[in-house]
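Yeah, the sequence shown ends on 545 if you go by my numbering, and it's all consecutive. We put the CB at the ideal spot given by N, CA and C, even for glycine. On a predicted model such as this, the values are computed, not experimentally measured, just so you know.
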Amino acid sequence: MKPRVLHVITVYNGRSFVPAAIKSAVEMDQAHALIDVLVLDDASPEPGWSEELSRICDEFGALYYCSPRNLGIPRNVSLGLLTAIKKNYDYVTINNSDVIFPKNLISIMVEACKADRVGSVTAWSNNVSIYSIQNADPDRYLANQATVDFICDSLHGKYGSSVFDAPAGISFCIMMPVEVVKKVGLMDPIFGRGYCEETDWSLRSLQMGYRVCLCPGTFVYHQGRGSNVAAGLVSGAHTTVPENEVIIDTRFPDFRKQCDVFISSGLMDKYRGEAVDHILNEAARAFGYCILPGWGDNAYEQYSSKMRVEILPEGGRAIMAFTFAGFTQTWPLDGMRSIDSVLERFGPEKLIFNGFDKASHGAQLYRPYPEQVW
172 MKPRVLHVIT
182 VYNGRSFVPA
192 AIKSAVEMDQ
202 AHALIDVLVL
212 DDASPEPGWS
222 EELSRICDEF
232 GALYYCSPRN
242 LGIPRNVSLG
252 LLTAIKKNYD
262 YVTINNSDVI
272 FPKNLISIMV
282 EACKADRVGS
292 VTAWSNNVSI
302 YSIQNADPDR
312 YLANQATVDF
322 ICDSLHGKYG
332 SSVFDAPAGI
342 SFCIMMPVEV
352 VKKVGLMDPI
362 FGRGYCEETD
372 WSLRSLQMGY
382 RVCLCPGTFV
392 YHQGRGSNVA
402 AGLVSGAHTT
412 VPENEVIIDT
422 RFPDFRKQCD
432 VFISSGLMDK
442 YRGEAVDHIL
452 NEAARAFGYC
462 ILPGWGDNAY
472 EQYSSKMRVE
482 ILPEGGRAIM
492 AFTFAGFTQT
502 WPLDGMRSID
512 SVLERFGPEK
522 LIFNGFDKAS
532 HGAQLYRPYP
542 EQVW
């Protein structure tokens with residue numbers, strides 16, 4: 172029997188980005204799980220928005236509930252957790268509303284939750300606190316379904332549903348087995364309107380012997396702070412709520428040190444490097460690649476959707492910048508040896524344009540680069 176998953180999206184205002192999140196949620200693949208999408212509107216004050224959101228949920232086939240008064244994020248999340256318990260779901264996911272989900276998210280996360288002693292699994296993203304994969308401009312490059320699906324498929328191909336242990340979960344997109352929620356409990360309302368409540372929950376679960384994990388075989392686009400700025404929790408200049416951090420410091424005095432140890436371990440740097448490397452390889456395989464001069468005007472704009480290898484001047488030397496969808500990797504340029512290594516890495520058959528050889532569109536690849544370029 173397929174597991175039942177309650178996919179909760181918490182909403183407060185956000186007219187400009189919430190519909191895309193709901194649409195991507197209801198279109199997720201249900202081959203391996205039965206998914207109900209529940210939108211929890213925390214009494215959004217924007218005129219007419221709650222009524223419009225209710226109609227959007229009806230149109231998309233999502234469940235909708237609007238609180239009669241504003242609860243704040245911790246209580247709104249707890250409402251979703253309680254619903255999952257009372258309605259006998261197997262798993263519950265808590266999600267921000269400024270996201271786009273890949274179609275295979277739930278099937279990957281459910282498998283990830285089956286690992287030994289897992290209490291929660293956070294998805295990977297361009298914006299997921301200290302775990303983020305850096306991207307040049309996420310809102311420009313990643314805010315569309317096709318790209319999110321491709322990135323997630325690529326990472327899943329490399330990492331599957333494997334997990335690694337992390338200091339805390341991030342509730343922009345986090346899955347918990349409902350049996351674990353029953354034991355650990357709900358979000359603590361002491362965190363008021365929100366921020367740090369999932370850190371507190373994660374650390375409580377750790378104290379009970381559960382693992383807090385991140386799944387690198389997933390990818391969810393996250394606008395980042397969109398839902399919290401809309402809620403008035405933070406301004407454009409701040410990324411957290413300091414008074415809530417004080418609560419964490421008081422309850423879990425070793426937490427910051429644990430984060431420092433995690434960061435200094437180099438684990439995230441290893442995963443980030445591997446992930447970008449694999450994304451570039453998969454993009455070249457799927458879409459082809461171009462070798463272009465990285466200076467001048469926008470003469471090569473038509474190749475912006477491809478995997479690009481750009482030759483760029485940097486501080487008196489030249490580098491090669493490998494780029495796809497805002498993910499970038501740079502290597503020093505060492506004459507023809509570097510170019511040969513590009514052809515070996517991606518394959519000459521996938522080279523669709525060579526900006527240094529007007530006659531070459533992938534057909535004439537034998538040393539097309541004039542030595543004097545470097």
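- Task: Compute the beta-carbon to beta-carbon distance between residue 423 and residue 385, rounded to the nearest angstrom, for a pair I have assumed lies under 8 Å.
- Result: Between residue 423 and residue 385 the beta-carbon gap is near 19 Å, outside 8 Å, which marks them as no contact.
- Message: Please report the straight-line C-alpha distance between residue 408 and residue 508, rounded to a whole angstrom.
- Response: Residue confidence is low: residue 408 scores 48 on pLDDT, short of 50, so the model does not pin down where it sits. No coordinate-derived value is stated.
- Pick out whichever of 489, 451 and 183 has its Cα sitting closest to the Cα of residue 126. The requested residue 126 is not part of the displayed model; the chain covers only 172 to 545.
- Message: Between residue 211 and residue 236, how many whole angstroms is the CB-CB distance? I'm expecting something under 8 Å.
- Response: Confirmed, about 6 Å.
- Would you report the Cα separation of residue 502 and residue 297, rounded to the nearest angstrom? Taking the straight line from one Cα to the other gives about 22 Å.
- Item | Distance CB(residue 336)-CB(residue 382) smaller than 8 Å | Contact flag set, yes.
- Count the C-beta pairs between the stretch 240 to 259 and the stretch 197 to 211 that are closer than 8 Å, then say yes if the count reaches three, no if not. Under the 8 Å Cβ criterion, the stretch 240 to 259 counts as touching the stretch 197 to 211, having at least three qualifying pairs.
- Task: Give a yes or no on whether the C-beta atoms belonging to residue 347 and residue 263 are separated by under 8 Å.
- Result: Less than 8 Å separates the beta-carbon of residue 347 from that of residue 263.
- Message: For residue 318, which residues in the same chain have their Cβ closer than 6 Å to its Cβ, ignoring the five residues on either side in sequence?
- Response: Excluding positions up to five away in sequence, the list reads 496.
- For the candidate residues 328, 390 and 255, whose alpha-carbon lies nearest to that of residue 314? For the set 328, 390 and 255, the Cα lying nearest the Cα of residue 314 is the one of 390.
- Item | N-terminal and C-terminal residue of the beta strand (DSSP E) that residue 211 is part of | Counting along the chain, the beta strand (DSSP E) containing residue 211 begins and ends at 205 to 212.
- Query: If we call anything under 8 Å between Cβ atoms a contact, is residue 178 one with residue 266?
  - Reply: With respect to the 8 Å criterion, residue 178 and residue 266 are classified as neighbours on the basis of their beta carbons.
- Using the DSSP secondary-structure output, state which residues sit across from residue 296 in a beta bridge. For residue 296, which the question treats as bridged, DSSP gives the partners 391.
- Query: What span of residues does the beta strand (DSSP E) with residue 481 cover, start to end?
  - Reply: Taken as a continuous stretch (DSSP letters only), the beta strand (DSSP E) holding residue 481 covers 478 to 485.
- When the Cα atoms are used, what is the spatial distance from residue 525 to residue 438? Whole-angstrom Cα-Cα distance: 36 Å.
- Message: Would you call the stretch 286 to 303 in contact with the stretch 193 to 202, where contact means no fewer than 3 C-beta pairs closer than 8 Å?
- Response: A contact is defined here as three or more CB-CB pairs under 8 Å, and the stretch 286 to 303 fails this definition with respect to the stretch 193 to 202.
- Task: Mind checking who residue 501 pairs with in its DSSP beta bridge?
- Result: Paired residue(s): 492.
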